[in-house]
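Report on the following structure.
Residue numbers (the working numbering): 51 to 507.
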C-alpha cells in the first residue's frame with residue numbers, strides 16, 4: 051500500500067549515506083575545521099543561507115563537481131589528461147543554467163562535450179527543479195496551503211519564483227500514486243467497515259457547491275484499520291453507492307460482516323446487493339447527535355441521560371420499552387423530535403442491540419473516522435473550494451499521508467527512551483491503528499458467524 055510504504059520509510063533507521071553525513075559533520079566540528087566558518091557567521095561577514103549564502107554555494111559546488119565527474123565518465127578520461135587528444139570527443143566549456151532548489155535558485159555551470167552526446171543524470175536536461183523542492187511543495191500542499199499560498203511562500207522564504215501552472219503540475223504528479231492506492235487489492239474479508247463523510251466545496255459546471263467526500267475505513271482480521279478509499283459523491287443515492295460497493299468488490303472484498311455508518315440514502319440497499327449477509331448498523335453517536343439537535347442547551351444533559359437506557363438496553367424489546375417511557379416523560383413530550391429520530395432509524399439501529407458488550411464497544415461509533423475528519427477539516431478549511439473531484443481526493447490522500455508521517459516521525463524520536471520516561475508522541479491516527487479490545491470482539495464474531503470467519507483465520 052502506498053501510504054504504508056511512506057510511513058515505513060519514515061520509521062526506518064537512517065541510511066548509510068545519512069549516517070556518513072552526520073559522522074562527517076561531527077568529525078569536522080570536533081577537529082575544529084569549522085571554527086573559522088562559525089566565527090565568520092557570528093561576526094556577520096558570511097551569510098549562511100539565501101542568495102550568495104554559504105549553503106547554496108556549497109550545494110552549487112557539489113553539483114558542479116558531480117556534473118564534471120559525470121562528464122569524465124562519459125568521455126573516458128580526466129580533465130587535463132595528456133592522452134585526451136587521442137579521444138574522439140572532448141570537453142567544450144560550460145553553459146549556464148538556473149535550477150530551483152530547497153535553498154533557493156542555483157546558477158549552475160553545466161559542462162558540455164564537443165559532439166553533444168553528454169546527458170547529465172544529476173541535473174537532467176530540461177529539468178529546472180531539484181527533487182527536494184518538489185517534495186517540499188507537495189508537503190506544503192498536503193498541509194492545506196493553496197497553490198497561490200505556496201507560490202508566495204517560496205518567493206518570500208527561499209526566493210524561488212514558480213508559476214501557478216508549475217506548482218499545479220508538481221502536485222498533480224501524485225495523482226498516479228493516488229490512483230494506484232485507490233485501486234490496490236484489498237482483503238477478502240473485513241469484519242467491520244466504518245463510513246463517514248466530510249463536506250467540501252467543489253466547482254461543478256461553473257458553480258461551487260457542497261459535496262460529500264466519503265472515507266471508508268476497514269478493520270482487518272488482526273484488528274488493524276486501513277483507509278480503503280475516498281469517494282466524492284457526484285450523484286444522489288443508490289447509483290453512487292452501487293458504484294462504490296462494486297469497486298470494493300472488484301478489488302477483492304468478498305464479504306463484510308458489519309458496516310457502521312450514518313444514515314445514507316441508498317447505501318443499505320447497495321450493501322445488501324453486493325454483500326447480502328452484511329449488517330448495516332447506524333452509528334449510535336450520530337443517532338444521538340441527531341436526537342439532540344433540536345434540544346435546548348440547558349436540557350441536553352438531561353435528555354442525553356434519559357436516552358441512554360435505549361442504546362444500553364439488553365435487547366430490542368427492552369430498548370423499545372425505554373423509548374416508550376422516554377416519549378411519555380416531560381422531556382419526551384417537550385422534545386418529540388428526539389423520539390422521532392430513534393423511531394425513524396429503528397430498523398438500522400436495532401442490530402446493535404443483538405451484539406454482546408465487547409462487540410458493541412467496537413461498532414458503537416465511527417470515531418476512528420471522525421478523529422480523522424477533524425484533522426482533515428483543519429487542512430481543508432483554508433481552501434475556498436476545489437477545482438474538481440480529483441483535487442479533493444488528491445488533497446485528502448496527501449493530508450492523511452502527511453498526518454501519519456508526522457506522527458511516525460514523532461514516535462521515531464521517542465523510540466529507545468528509558469522505561470518510565472513519559473512519551474508524548476501520538477499513535478496512528480487511523481491507518482495502521484489497532485482496534486481497542488479487538489481480540490474479545492473477534493471472539494464474539496467467531497461465535498456469531500463461524501462459517502464466514504473461520505476460513506479466514
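Positions of the beta carbon are idealized from the N, C-alpha and C atoms, including for glycine. As the structure is a prediction and not an experimental result, all values here were calculated from the model.
Margin query: Taking the alpha carbon of residue 156 as the reference point, which residue from 238, 383, 394 and 110 has its own alpha carbon closest?
Written below: 110
Note to self: Bridge partners for residue 327 per DSSP, in chain order?
What the structure shows: Per DSSP, none; premise fails for residue 327.
Next item on the list: Round the Cβ separation of residue 307 and residue 288 to the nearest angstrom and send it over; I've been treating them as touching at under 8 Å.
Entry: Contact between residue 307 and residue 288 is ruled out by a C-beta separation of about 22 Å, above the 8 Å threshold.
Margin query: As an exercise, report each continuous beta strand (DSSP E) stretch of at least 3 residues that is fully enclosed by the segment 321–391, in chain order.
Written below: 329–332
Next item on the list: Counting only runs of 4+ residues fully inside the segment 194–225, write out the alpha helix (DSSP H) ranges in chain order.
Entry: 197–207 and 214–222
Margin query: Taking the alpha carbon of residue 323 as the reference point, which residue from 347, 412, 296 and 411 has its own alpha carbon closest?
Written below: 296
Next item on the list: Please name the residue or residues paired with residue 311 in a DSSP beta bridge.
Entry: 245 and 332
Next item on the list: Take residue 496 and list the residues in its own chain whose beta-carbon comes closer than 6 Å to its own, dropping the five residues that flank it on each side.
Entry: 503
Next item on the list: Would you decide whether residue 444 is buried or exposed? Buried here means 16 or more other CB atoms lie within 10 Å of its CB.
Entry: buried
Next item on the list: Reducing DSSP to helix, strand and coil, say where residue 504 ends up.
Entry: helix
Next item on the list: Could you say which of 338, 245 and 363 lies nearest to residue 321 if we only look at CA atoms?
Entry: 245
Note to self: For residue 493, list the residues DSSP reports as bridge partners.
What the structure shows: Paired residues: none, contrary to the question.
Notebook entry, point to check: Between which two residues does the alpha helix (DSSP H) harbouring residue 409 extend?
Noted result: 407–413
Note to self: Measuring alpha carbon to alpha carbon, tell me which residue in 383, 381 and 357 is nearest residue 371.
What the structure shows: Per the Cα distances, 357.
Margin query: Give me the DSSP bridge partner(s) of residue 265.
Written below: 246 and 280
Checklist line | Exposed unless 16 or more other CB atoms sit within 10 angstroms - verdict on residue 482 | finding: Result: buried.
Margin query: Quick check: what's the CA-CA separation for residue 386 versus residue 375?
Written below: 13 Å
Check: Are there three or more Cβ pairs, one per stretch, closer than 8 Å when the segment 270–277 is compared with the segment 478–492?
Finding: yes
Checklist line | Residue from 404, 472 and 304 whose Cα sits closest to the Cα of residue 506 | finding: 304
Notebook entry, point to check: Bridge partners of residue 173, per DSSP?
Noted result: Beta-bridge pairing links residue 173 to no other residue.
Check: With distances taken from CA atoms, which of 332, 302 and 298 is nearest residue 309?
Finding: 332
Next item on the list: Report buried or exposed for residue 438, applying the criterion of at least 16 other Cβ atoms within 10 angstroms of its Cβ.
Entry: The residue in question, residue 438, is exposed, as its Cβ has fewer than 16 Cβ neighbours within 10 Å.
Notebook entry, point to check: Which first and last residues belong to the alpha helix (DSSP H) in which residue 91 is found?
Noted result: 85–93
Checklist line | residue 397 (DSSP reduced to helix, strand or coil) | finding: helix
Note to self: Check for me: the alpha helix (DSSP H) holding residue 463 runs from which residue to which?
What the structure shows: 439–464
Notebook entry, point to check: residue 164 to residue 132, Cα distance in whole Å?
Noted result: 17 Å
Note to self: Measuring only the C-alpha atoms, how far is residue 366 from residue 405?
What the structure shows: 11 Å
Margin query: In this structure, how does DSSP classify residue 166 when only helix, strand and coil are distinguished?
Written below: coil
Item checked: Neighbour-count burial assignment, residue 432, 16 or more Cβ in a 10 Å radius -> Residue environment: residue 432 is assigned as exposed (fewer than 16 neighbouring CB atoms within 10 Å of its CB, all protein chains considered).
Notebook entry, point to check: Taking C-alpha atoms, which residue in 201, 206 and 205 lies nearest to residue 216?
Noted result: Closest option to residue 216, Cα to Cα, is 201.
Check: Where residue 455 and residue 166 are concerned, what is the direct C-alpha to C-alpha distance, given to the nearest angstrom?
Finding: 43 Å
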